[in-house]
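Each protein sequence line maps, in turn, to chains U and C.
The opening position of the first sequence corresponds to residue -3 in our numbering, with each subsequent residue numbered one higher.
The opening position of the second sequence corresponds to residue 22 in our numbering, with each subsequent residue numbered one higher.
Where a beta carbon is used, it is the ideal one built from N, C-alpha and C, also for glycine.
In what follows, a single structure is set out as C-alpha cells and then discussed.
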Amino acid sequence: MKLNKITMAIAAGAVALTATVAQAAVNPAVVYDKAGKFDKSFNEAVYNGVKRFTADTGISVREVEPTNEAQVEQGLKKLAKRGNSPIVAVGFAQANAVSAAAQAYPDTKFTLIDMVVPEANVQNVVFKEHEGSFLVGALAAMKSETGTIGFVGGMDIPLISRFGCGYEQGAKHINANIKVIHNMTGSTPAAFGNPSKGGELTRSQIEAGADVIFAAAGGTGFGVYQAAADAGKWAIGVDSNQNHLQPGTMLTSMVKRVGEAAYKSYETANNGTWTAGVSVMGLAEGGVDWALDEHNRALVTASMESDVNAIKASIIAGDISVHDYMSDNTCNY
Amino acid sequence: MKRDTRITWINRLLLPLLNILTAFAVTAIVFWLIDVNPIEAAEVLLYGAFGYEEGIGYTIYYTTNFIFTGLAVAVAFHAGLFNIGGEGQAYVGGLGAGLAILFLDPTLGAWVFIPASIIGALLFGGLWALIPAYLQAYRGSHIVITTIMFNFLAASLMVYVMVHVLRETGQMTPQSELFPTNAWMPFVHDVAAGLGYSIEASPLNLSVLLALVCAVLVWFFLWQTRWGYAIRATGKNGTAAVYGGIKPKRIIIVVMCISGALAGLVSVNELVGYQHRLIMDFHLGYGFGGIAVALMGRNHPLGIIVAALLFGTLYQGGAELAFEMSGISRDIVVVMQGLVILFCGALEYMYRPWLIRNLAPVKQQEAPAGVTA
C-alpha cells in the first residue's frame, strides 16, 4: 500500500517534470473570434483542437475571448509579450490585428486562420471550402426528391460564396438540371449570429421547393437546422460536425478542420517544424471533409456513401477540378 | 441650512460610494460561488487597470469614451430629456469623422485633418440627434422612443455605407482604407517620447484632453451662461420656464444637438485616435454605458469624469481578469459591470431614506407648520 503510494508519487513527479520540460519548448495561445469559443461551429472547432492538444501533450493553452475591437490586438500583443508562441488567431476579422502584432513582435509565431497577411512570422491557414462543399452538394443532389436544394450563407463575402459555389457544382455534378437557391443572411459579421433570419430564409426556400438546405453561416445555422427539422426536410451543417444538433434531419456536415489547423500549429512548433507562409488545406490534406456518424447513418445509404467517397477520391486525384469562387470572384465553372 | 448640506453630501458622495460598495460585495459573492477568490480577482483587476503603464493607458482610453457619452447624457438630462441614442450618435459621428478624413487631400497636415475630423464627428453626431429632437419638440414623439429607434437606423445606415461605399477593396471585413498618417490623433506615448519620456505603447491618445476640455465647457455652458440657465430651468419645471420667457422647443433642439455632438466624439477617440480607419461596431456599449456614468456622476462633469474612470477601470481590469484567471469567462465580466449599473443606476436611491433618517433627521422646529416645500 505504502509502496504503491510512493511509486505513484514518483510517477506523478516524473509526469510533472516532463510537463515542465515540454512547456519550455512551446507556450501556445489562441485568440478566438468575437463570437466566442462556444459557438457550436467555427470557434468551437478550434476550441476542440486546442482541447485535444492539451489532452495529448499536457501543455496548457492560454485562451483569450475578446469582446471589442481594441481587445483583439491587445490580446494578441499581450500574449506575445508574455512569451506565448505560437498564437493562433481565429477568423479573417483578425487580419489587421495580426499584422500589427506580428510587426511588433517579429520573434513570435502567429497562425492566422481563414485569411492571409504577408508577414514573415505569420503562418496563414486557408481552406478549400469549395472542395468540401462539392461533396455535400453531391450528396444533397442524391438525396433531393424535389430537384431543388438550398444554400443559406452567413455574411455576403467571397469566402462564403466559395461554399455556395462549390455546393452548386457538386449538386450539378450529380444532376445537371437541379435547381440551387442561394441566399445570404446579411452583409456584416452579425450575419453569422442571426438564427431567426436563418430560419426565415430556410422556410422560404422550402416553400420554393427545396428539400435539402446547406448552411454556411456560423450561429445562424441553428435557425436553418431547426426550420428544416420542423418542416421534415434535410439540412447540412458546417465547420464542426453538427450532425448531432438535429439528429434524423441533419443529412451531413461540411467539416472544416480549423481545430486541426490550430493543433498542427502547436504540434509543429513543439517539434520544431513550424513554418511561416501560406498553407492551403483541402480534401487531400484532410482540411475539409464530409461527416458520417451515428446521427446521420440512417439517412445515407451505402451507395450514396460509396458515390460520395468516389467523388472525394476523384477530387483528390485531380480528375474533378472544383472551381474556386475566390480565384476570380465568379461562379462560372 | 445645516441639514441641507448634509443631504447634499449624502446625495453626492455617500450614496454613490455605498452603491458601488454594494455592487462590489455582490460581485464578490458571485466570484465566491464560482470558486474564484474575490480578493485575488480584485488584485488582478486593479493591477490590470493601474498596475503598469500599458494598463493605465487602456483604462484612460476607455474612460475617454465614457466621458464623452456621460456628458452627452447629462446635458440632455439637465433639460429633462433622456437621450438613450448615444450609441447611434457615436456611430454616425464616426461616419462624419471618417468622411472628413477620407475625402480630404491625403497630403494635408495634421492641423487640417484633426480639426476636420472633430468637426465631422460633432456635426454628424449632432445632426443624428436633431431629428428626434425636432420630433419631440414639434411633433410630440417621445425622445426615448425615437432616440432608441435611431440607434437601429444608425446601425443600418452604417452597414450600408461600410459594405457598399467605403469597404476597402480586397477585404472581407467591412472596413474603410487606412487613414493617412497625418490624420492620426497623436498617441500619448508618441507625444511623451517627443518630450523625452519613455512610456509603454497603448491606444491612449490626445482625445483624452479633448474629453477634459469638453467636460469644462459643459460645466461652463450649463452653470455660467444664460443658455445653461434656460436649459436647467426647462428641466426643473418646463411650465415655469415658459412663464419666465424661455422657449422649451428651442431648448430641446439645442440641447439634443449638443448631446448628440458630444456622443459623436467617441469616434474621435476610437477611430482617429486608435483604429485609424472606419470600422463596424466600434461604438458598442459606450452609448448605453454613458447613461450609467451620467447617473452615477450626478450629471455633473466632475462626477462624470470620476464615474467614467470607474467604468474604464472595469473595462480594462475586467478584460485583464478574463485574460489572467481561467475561472472567469468574459461573460462574468459583463455580470460584474451589470451589477455596478444595477446598484448605481436602477437601485440608485435604495439607501437614501435610511441614510437621511439616520444621518440628517428632520427636526420639528426646522420645518414649522405653514411652510411648504
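Query	Result
Quick check on the DSSP output: what are the complete beta strand (DSSP E) runs of length 3 or more inside the segment 43 to 78 of chain U, in order along the chain?	58 to 60
Taking Cβ positions only, does C:T168 come closer than 8 Å to chain U?	no
Is it the case that the Cβ atoms of C:Y295 and C:N203 are separated by a distance below 8 Å?	no
Check whether the segment 292 to 311 of chain C and the segment 84 to 91 of chain C touch, using three or more Cβ-Cβ pairs below 8 Å as the test.	yes
Can you say whether C:W132 is buried or exposed, counting buried as having 16 or more other CB atoms within 10 angstroms of its CB?	exposed
Which residues bound the alpha helix (DSSP H) around C:W240?	228 to 245
Under 7 Å Cβ to Cβ from C:A282, same chain only, skipping five residues before and after it: list those, please.	L143, G146, G147
Below 9 Å on C-beta distance, what does U:Q99 contact in chain C?	Per Cβ cutoff of 9 Å: no residues; U:Q99 is ~12 Å from chain C at best.
With respect to the beta strand (DSSP E) encompassing U:M246, which residues constitute its N-terminal and C-terminal limits?	246 to 252
Since C:S350 is in the beta strand (DSSP E), which residue starts that stretch and which ends it?	Segment: none, C:S350 is in no beta strand (DSSP E) and carries neither H nor E.
For U:G32 and U:A213, what's the separation of their Cα atoms in angstroms?	15 Å
Do we get a CB-CB distance below 8 Å when we pair C:S350 with the residues of chain U?	yes
Taking C:N172 as part of the alpha helix (DSSP H), name the residues at either end of that continuous run.	164 to 181
Rounded to whole angstroms, what is the Cα-Cα separation between C:V40 and U:T326?	According to the sequence as given, residue 40 of chain C is Asn; it is not Val. Rounded to whole angstroms, C:N40 to U:T326 spans 59 Å at the Cα level.
In the segment 297 to 325 of chain C, which residues sit with their C-beta less than 9 Å from some C-beta in chain U, listed in chain order?	R298, I300, M301, D302, F303, L305, G306
To which residues of the same chain is C:I31 closer than 8 Å at the C-beta, ignoring the five residues directly before and after it?	R373, L376, I377, L380, A381
Can you name, in chain order, every residue of its own chain whose Cβ lies under 7 Å from the Cβ of U:F188, other than the five neighbours on each side?	A31, G150, M151, A213, G214, G215, T216
Can you have a look at U:A167 and say buried or exposed, based on whether 16 or more other CB atoms are within 10 angstroms of its CB?	buried
Since U:T198 and U:A224 are thought to touch, with beta carbons under 8 Å apart, how far apart are those beta carbons, to the nearest angstrom?	6 Å
Residues of chain U with CB under 7 Å from C:T255, in chain order?	Going along chain U, no residue has its Cβ under 7 Å from C:T255, so there is no contact; the nearest lies around 36 Å.
So, does the CB of C:V184 fall closer than 8 Å to a CB anywhere in chain U?	yes
For U:E61, which residues in chain C fall below 8 Å Cβ to Cβ?	A343, S350, R351
At a CB-CB cut-off below 8 Å, which residues of chain U make contact with C:Y73?	Within 8 Å Cβ-Cβ: nothing; C:Y73 doesn't reach chain U, min ~11 Å.
By how many angstroms is the C-alpha of U:E301 removed from the C-alpha of U:E290?	14 Å
Run through DSSP, which three-state label would U:H178 get?	strand
Once you ignore the five residues that flank U:G182 on each side, which residues in its own chain have a CB closer than 8 Å to its CB?	G150, M151, D152, N190, K193
For C:V180, which residues in chain U fall below 7 Å Cβ to Cβ?	S183, T184
Run the CB neighbour count on C:G300, radius 10 Å, all protein chains shown included, and call it buried at 16 or more, exposed below.	Here the sequence assigns Ile to residue 300 of chain C, which means Gly is not the residue at that position. Classification of C:I300: buried, given that the 10 Å Cβ count is 16 or more.
To the nearest angstrom, how far is the alpha carbon of U:T107 from that of U:P243?	34 Å
Any Cβ of chain C within less than 8 Å of the Cβ of U:N88?	The question names Asn, but residue 88 of chain U is Phe in the sequence shown. So, interface residue.
Inspect the beta-carbon positions of U:G143 and U:K175 and report whether they are closer than 8 Å.	yes
Relative to the alpha-carbon of U:T264, which residue among U:H319, U:G79, U:E59, U:T53 has its alpha-carbon at the smallest distance?	U:T53
Within 8 Å of any Cβ in chain C, is that where the Cβ of U:L72 sits?	no
Against chain C, does U:L197 count as a neighbour if the rule is that its beta carbon must be under 8 Å from one of theirs?	no
Name the DSSP beta bridge partners of U:L108, please?	U:A85, U:N120
Taking the alpha-carbon positions, what's the U:G195 to U:V220 distance?	5 Å
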